[in-house]
Amino acid sequence: MKKKQLNVWVLTSLVVGNMVGSAIFMTPSTLASEASPAGTLLAWILTGLGVLFIALVYGILSIKKPEISGGPQIYAKALFEEGTERSRLMGYFVTWGYYVANFVGNVAVITTFTGYLSTFFPVMNSAKLIYKYGDTTVTLGYLLNFLVSSALLWFVFVLILKGIQGAGKLNLIATAAKVIGFLLFILATLFVIQTQYYTPFTELQTNNHSVGLFGQVNSAAVTTMWAFIGVESAVVFSARAKSGRDIKRATIMGLVIALFIYIAITVLVMGTLPRHELVHSSKPLVDALSQVTGQAGGYILGLLALISLFGSSIGWILLSAEVPYQSAKQGFFLKSFAKENKNGTPVVALVVTCVIGQLFLLSIISNSISEVFTFMTTVATLSYLIPYIFASLYLLKIVLSGKDYLHKQKERLSDGMIASIATLFSLWIIKAGSEDLRTFLYGLGMIICGLVLYPFIKRSLK
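Each residue of the sequence shown is one higher than the one before, counting from 139 in my numbering.
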């Protein structure tokens, strides 16, 4: 396999492509139901700052520990002495959580693709009844969404099978196209803002009672955090990156680009559509652009969304296969997952990733896209925060040991503050997101499944 293939621009495109995916097309309407304009802006700013500290953690680690590469799970392993059972268990635990989260994230991205495809093929929203048994209802629209989602999953599988570098370049093209398109969207909608749509600016009424600003931010934070998942993408491919400094630059640049796009588009959508329309919109960006260009705008943005989501699908499935592949190479996941084909693609990890992704796609046969998206993204967000916490704790361990900070006390203090803030921020988001019992139990069940499987995986490694 060729080493050090990915430069800073490809890495940045993976970061932006994985962050600016399904979230940008769905979060404006979700946030409108969770927070006022002030609460929404505050949630974006706070999560953006929190994720900046997480990004800085990964950037610092990529420079301080360039010999440690292969994904965020490696930092959990490095917390404990090399070769010990605790080291292997922590590496496996984070790999498992991250892997499960990727399955769920893949479903969210791929199903959003099919949702926007309905802009051109309205039959995908058909309510014609195909099958009904008890509470399970299958409509023509649900069935078509399932079939198209499955086709997209396996099409991306074939692309990646032909080589990581080629798939990365396709993701770069898709990322460049959507960033340009989003900038055009921002310029177009800037001239149709209705300031009255921003009022009431701080108040929110739900179920006949008022929600305070902090409560709004608490609810919206998980939604906005989902939009930033993928900030660690450059780190996942660190073993293939040309340098550790490229990883840091790509992570920071990707975050800044994504944050600007998110805040700008959210503010413009809120100022273009009345709140009661925005809350119930299944395609808020299409509806907003239609205010400027009419139906033609909807088709333009529909095409933009499909390009964006196609690129994100490539990035997320790449990410899903790379983590267990690197973990297998490091000795704390099934050995078979380290197998590559002649193009350097982790073929076993990719096949298993897509097969399990296909099983998760069964959930859309009897549910709407929005229902699947909302639940899946909450569970995925909470799962992704686990490796973020371990990376922050590992940096704290390095800071406390002081070995890498001889005569660099200011840098040591700065890195310690960054790691502490990143840890506290991640814990806050987990607390805010796990208040829903169903989500909490689902996440707990996934963790228990991983722990049950560990003894079998451990025996297979001997």
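We treat Cβ as the ideally placed atom computed from N, Cα and C, and that holds for glycine. Keep in mind that this is a model prediction, so the values were computed, not measured.
Check	Outcome
Touch test, the region 285 to 304 against the region 447 to 455, Cβ-Cβ under 8 Å, three pairs minimum	yes
Span of the beta strand (DSSP E) around Y269	L267 to Y271
Candidates S446, E172 and L325: closest to A570 by CA position	E172
Beta-carbon gap between L393 and V369 smaller than 7 Å	yes
Neighbour-count burial assignment, F352, 16 or more Cβ in a 10 Å radius	exposed
Buried or exposed (CB count within 10 angstroms, at least 16 for buried), S530	buried
Cβ pair count under 8 Å reaching 3, the region 225 to 238 against the region 540 to 552	no
Nearest-angstrom Cβ-Cβ length linking S598 and L472, presumed shorter than 8 Å	6 Å
Through-space distance from I595 to T274, alpha-carbon basis	36 Å
Contact set for S357: own chain, Cβ-Cβ below 6 Å, skip 5 residues either direction	E172
Anticipated Cβ contact below 8 Å, M514 with A246, distance rounded	5 Å
Beta-carbon gap between G177 and Q354 smaller than 7 Å	yes
For H347, the residue or residues it bridges with in DSSP	T344
C-beta atoms of P204 and V407 nearer than 7 Å	no
Rounded straight-line distance, which links the Cα of A434 to that of S428	7 Å
Nearest residue (CA-CA) to Y592, options M228, V330, M164 and F284	M228
Nearest-angstrom Cα separation, counted from V461 out to V590	20 Å
Which of helix, strand or coil DSSP assigns to K140	With a pLDDT of only 48 at K140, under the threshold of 50, the placement of this residue in the model should not be trusted, and no figure is reported.
Whole-number beta carbon distance between F528 and L217, since they are thought to touch under 8 Å	7 Å
Short Cβ contact (7 Å threshold) for Y230 with F470	yes
Separation of V158 from W147, as counted between CA atoms	16 Å
Secondary structure of T519, DSSP reduced to three states	helix
Selection from I536, Y196, K300 and L447 that minimises the alpha carbon distance to G482	K300
N- and C-terminal bounds of the beta strand (DSSP E) containing T249	From DSSP, T249 is part of no beta strand (DSSP E) but of the alpha helix (DSSP H) over E223 to L255.
Identity of the residue in Y522, E415, V189 and V238 nearest C492 by Cα	V238
Beta-ladder partner(s) of A379, from DSSP	L144
Beta-carbon gap between V95 and V330 smaller than 7 Å	With the chain represented from 139 up to 600, any question about residue 95 goes unanswered, as that position is not in the structure.
Range covered by the beta strand (DSSP E) that runs through T275	T274 to T277
Where S465 falls: helix, strand or coil (DSSP)	helix
Extent of the continuous alpha helix (DSSP H) to which Y335 belongs	From DSSP, Y335 is part of no alpha helix (DSSP H); its letter is neither H nor E.
Alpha helix (DSSP H) segment containing P422, residue limits	P422 to T431
Spatially closest choice to F339 from T277, L444 and V405, by CA coordinates	V405
4-residue-minimum alpha helix (DSSP H) runs that sit fully inside the region 481 to 505, ordered along the chain	485 to 499
Element boundaries [alpha helix (DSSP H), containing E625]	The shown model of the chain, from 139 to 600, leaves out residue 625, and the question about it has no answer.
Run of the alpha helix (DSSP H) containing E549, from where it starts to where it stops	Q547 to G571
Assigned exposure category for L562 - 16 Cβ within 10 Å defines buried	exposed
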